[in-house]
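For reference, the structure is listed below as structure tokens.
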Amino acid sequence: GSPSPFSSPGRLKAFVENHRSWILEKTAVMAEREENRKSTPAPLPERLSKTDWMKIQLKIGKRVRHYCVTVGYVTVKNQKTRWGSCSAKGNVNFNYQLAFLPDELLDYVVIHELAHRRHMNHSRAFWAEVEKYCPDYLERRE
Numbered sequence: 009g010s011p012s013p014f015s016s017p018g019r020l021k022a023f024v025e026n027h028r029s030w031i032l033e034k035t036a037v038m039a040e041r042e043e044n045r046k047s048t049p050a051p052l053p054e055r056l057s058k059t060d061w062m063k064i065q066l067k068i069g070k071r072v073r074h075y076c077v078t079v080g081y082v083t084v085k086n087q088k089t090r091w092g093s094c095s096a097k098g099n100v101n102f103n104y105q106l107a108f109l110p111d112e113l114l115d116y117v118v119i120h121e122l123a124h125r126r127h128m129n130h131s132r133a134f135w136a137e138v139e140k141y142c143p144d145y146l147e148r149r150e
């Protein structure tokens, strides 16, 4: 195989220079996501009691079960830049702040992550699956 781009300072520098625009674009996207996350009406996670966390988990879990898709674990946590994610093993993660947003936004994220159970990408087939359960997904996504 070819040597790792991280095997020497020179190779690392060349790698970063060759991918500079991608790195800057992704850094900007992550910063925007973090700002959006901060603008929700959710209290800070450290201000939530164990009972609050249980209520949040129940609310999000209920929406996952509503769509009757087989998943592994459903985890609710304080994600810094994401609203949700789905692993190849079928585990889904959700940002606790979703419980403090309007239900149609919670449902959009749940539908989006559950659609990854059928399509682990953002292909046309994936978006068609999302649209099947959420015809106005473009507005909700915005």
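Adding 8 to a residue's 1-based position in the sequence shown gives its number in our numbering.
From the three backbone atoms N, C-alpha and C, an ideal C-beta is built for every residue, glycine too.
Here the structure is a predicted model, which means the values were calculated and not measured.
To which residues of the same chain is residue i closer than 6 Å at the C-beta, ignoring the five residues directly before and after it?
i	result
residue 50	105, 108
residue 99	80, 81
When you compare only the Cα positions, how much space is there between residue i and residue j?
i	j	result
residue 144	residue 26	39 Å
residue 97	residue 80	7 Å
residue 13	residue 75	44 Å
residue 139	residue 54	36 Å
residue 30	residue 19	17 Å
residue 59	residue 102	18 Å
residue 133	residue 32	29 Å
residue 131	residue 10	31 Å
Skipping 5 residues on each side, what residues in its chain have a beta carbon closer than 8 Å to that of residue i?
i	result
residue 23	13, 14
residue 38	89
residue 119	75, 138, 141, 142, 145
residue 36	none
residue 28	none
Give the single residue among the options whose Cα lies nearest to the Cα of residue i.
i	options	result
residue 71	141, 149, 147	141
residue 48	57, 86, 99	86
residue 68	35, 28, 110	110
So residue i and residue j are supposed to be a Cβ contact under 8 Å. How far apart are they, rounded?
i	j	result
residue 77	residue 65	The pair is not a contact, with the Cβ atoms about 18 Å apart (cut-off 8 Å).
residue 112	residue 148	6 Å
By Cβ distance, which residues of its chain are closer than 7 Å to residue i, with the 5 residues on each side in sequence left out?
i	result
residue 128	96
Query raised in the report: Counting pairs of Cβ atoms below 8 Å between the segment 124 to 136 and the segment 85 to 97, do you hit three or more?
Result: yes
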